[in-house]
Amino acid sequence: MENRKIFVLPHKLLIALLLFTSTLCLSFVIPKSWNLSQIIGINKPKIEIINSNADNQQRVAEFQTAMEASLNEQLKQKNLLSVSPTSFNGKIIYEIKPIGNKKVIALTFDDGPWKNSTRQTLDILKKNNIKATFFVVGQALKNNPELGKQVITEGHAIANHTWHHWYHFMNPQVAAFEIDKTTDLIYQVTGVKTNLFRPPGGHLSNGLVAHARNKKYATLMWSADSRDFQQPAPETLVNNVIKNARPGGIILLHDGGAIALVPSKLYLR
Ligand SMILES: [Zn+2]
2 MENRKIFVLP HKLLIALLLF TSTLCLSFVI PKSWNLSQII GINKPKIEII
52 NSNADNQQRV AEFQTAMEAS LNEQLKQKNL LSVSPTSFNG KIIYEIKPIG
102 NKKVIALTFD DGPWKNSTRQ TLDILKKNNI KATFFVVGQA LKNNPELGKQ
152 VITEGHAIAN HTWHHWYHFM NPQVAAFEID KTTDLIYQVT GVKTNLFRPP
202 GGHLSNGLVA HARNKKYATL MWSADSRDFQ QPAPETLVNN VIKNARPGGI
252 ILLHDGGAIA LVPSKLYLR
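Residues in the sequence shown are numbered consecutively from 2, following my numbering.
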């Protein structure tokens with residue numbers, strides 16, 4: 002419990018301070034020609050008009066318009082947040098160059114979802130109207146699918162951080178399992194087919210990124226590391242981010258510990 006309190010406090014302060022310095026905007030914009038409904042299997046609702054009465058027809062039309070607007074908003078959020086532009090496919094991204102050098106920055110949370118700390122993180126983000134990207138670990142998502150769904154319903158992006166969060170070298174078959182199984186579970190749980198990937202620990206040469214690049218994932222690294230896994234004092238954590246914050250930056254944070262994955266270590270990147 003004590004560890005959890007220490008971990009959550011820096012996030013609150015960090016987010017409060019970041020609000021003063023930046024406007025969050027995930028900068029991965031999908032080309033307009035993409036049709037996400039084909040990707041994630043959602044079709045627009047069809048409503049049959051069964052009464053020729055003019056008033057009823059108008060009500061049905063208004064209802065249908067409202068339904069489509071709601072669905073389009075959902076698709077827009079998923080479009081913008083969980084799929085990268087095609088120019089990022091197969092690439093390794095550390096930061097982006099926002100148009101007009103806009104003061105936008107992306108918050109990313111790795112290693113979840115975890116029952117308490119992920120819920121707390123989501124609550125803080127919601128309260129401050131911030132959207133972020135959650136790089137989930139497959140086996141953690143399997144244990145907490147409802148939080149994976151909440152990530153999407155609250156307008157955040159969901160991304161792949163492998164099944165086991167292993168660092169060691171993996172042959173192509175194991176690397177494929179780690180990434181593909183996680184993407185499949187994300188799809189089953191949320192209906193979102195993500196192509197955003199981050200290798201555990203930022204390791205680029207243990208076989209995972211080779212598979213991710215072959216499969217055209219955008220491998221997203223970071224430009225500022227909060228080093229929250231070291232559980233620093235809140236001021237230190239905030240400073241770790243602020244000193245490297247710049248337009249188009251990607252901030253590395255965690256919404257929980259890997260304590261259940263590797264009991265001997267409190268936090269992993
Ligand atoms: Zn990690």
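Positions of the beta carbon are idealized from the N, C-alpha and C atoms, including for glycine. As the structure is a computational prediction, the values presented were derived from the model and not from experiment.
First and last residue of the uninterrupted alpha helix (DSSP H) at residue i
i, result
"I100", "Looking at the DSSP string, I100 is not in any alpha helix (DSSP H), and its letter there is neither H nor E."
"T195", "It is not in any alpha helix (DSSP H) - T195 carries neither H nor E in the DSSP assignment."
"T237", "P235 to I243"
"L209", "L209 to N215"
"T122", "K116 to K128"
"L148", "P146 to T154"
Residue interval of the beta strand (DSSP E) (run including residue i)
i, result
"L253", "G250 to H255"
Same chain, Cβ closer than 6 Å to residue i, neighbours up to 5 away in sequence not counted
i, result
"D256", "F110, G113, S118, T119 and T122"
"V210", "P200 and T220"
"S23", "Per-residue confidence for S23 stands at a pLDDT of 37, beneath the threshold of 50, marking its modelled position as unreliable; no derived number is given."
"T184", "N161"
"D226", "L253"
"Y95", "M222 and S224"
"I93", "T220"
"Y188", "K194"
"I243", "none"
Which residues DSSP lists as bridging residue i, in chain order
i, result
"A160", "F136"
"I94", "L221"
"D185", "For D185, which the question treats as bridged, DSSP gives no partner whatsoever."
"R111", "For clarity, residue 111 is Asp in the given sequence; the question names Arg instead. Answer is F136 and H255."
"D226", "L253"
Spatial neighbours of residue i in its chain, beta-carbon cut-off 7 Å, leaving aside the 5 residues before and after
i, result
"T191", "G149, K150, I153 and I159"
"L186", "G139, L142 and K143"
"K182", "G139 and W164"
"H204", "Y168"
"P99", "S28, V105, P248 and G249"
"N102", "P248"
Cβ-Cβ distance between residue i and residue j below 8 Å
i, j, result
"N245", "S224", "yes"
"F136", "H162", "yes"
"I252", "L108", "yes"
"W164", "G202", "no"
"W115", "A133", "no"
"G208", "I97", "no"
"I180", "A213", "yes"
Residue i CB to nearest heavy atom of ligand 2 below 7 Å
i, result
"P201", "Ligand 2 is not among the ligands present in this structure, which contains only ligand 1."
Residue i at chain B interface by Cβ criterion, 8 Å
i, result
"T163", "Absent here is chain B; the protein component of the structure consists of one chain."
Own chain, CB closer than 8 Å to residue i, minus 5 neighbours either side, in chain order
i, result
"K217", "N90, G91 and N196"
"V175", "G208"
"E49", "Confidence is the limiting factor: at E49 the pLDDT is only 37, short of 50, which leaves the residue's position unreliable, though a coordinate-based value still follows. Excluding positions up to five away in sequence, the list is empty."
"S88", "none"
Checklist entry - Using 8 Å as the threshold, is the region 185-200 in touch with the region 83-90, meaning 3 or more CB pairs across them? => result yes
Checklist entry - Quick check: the region 143-155 against the region 165-177, are there 3 or more CB pairs under 8 Å? => result no
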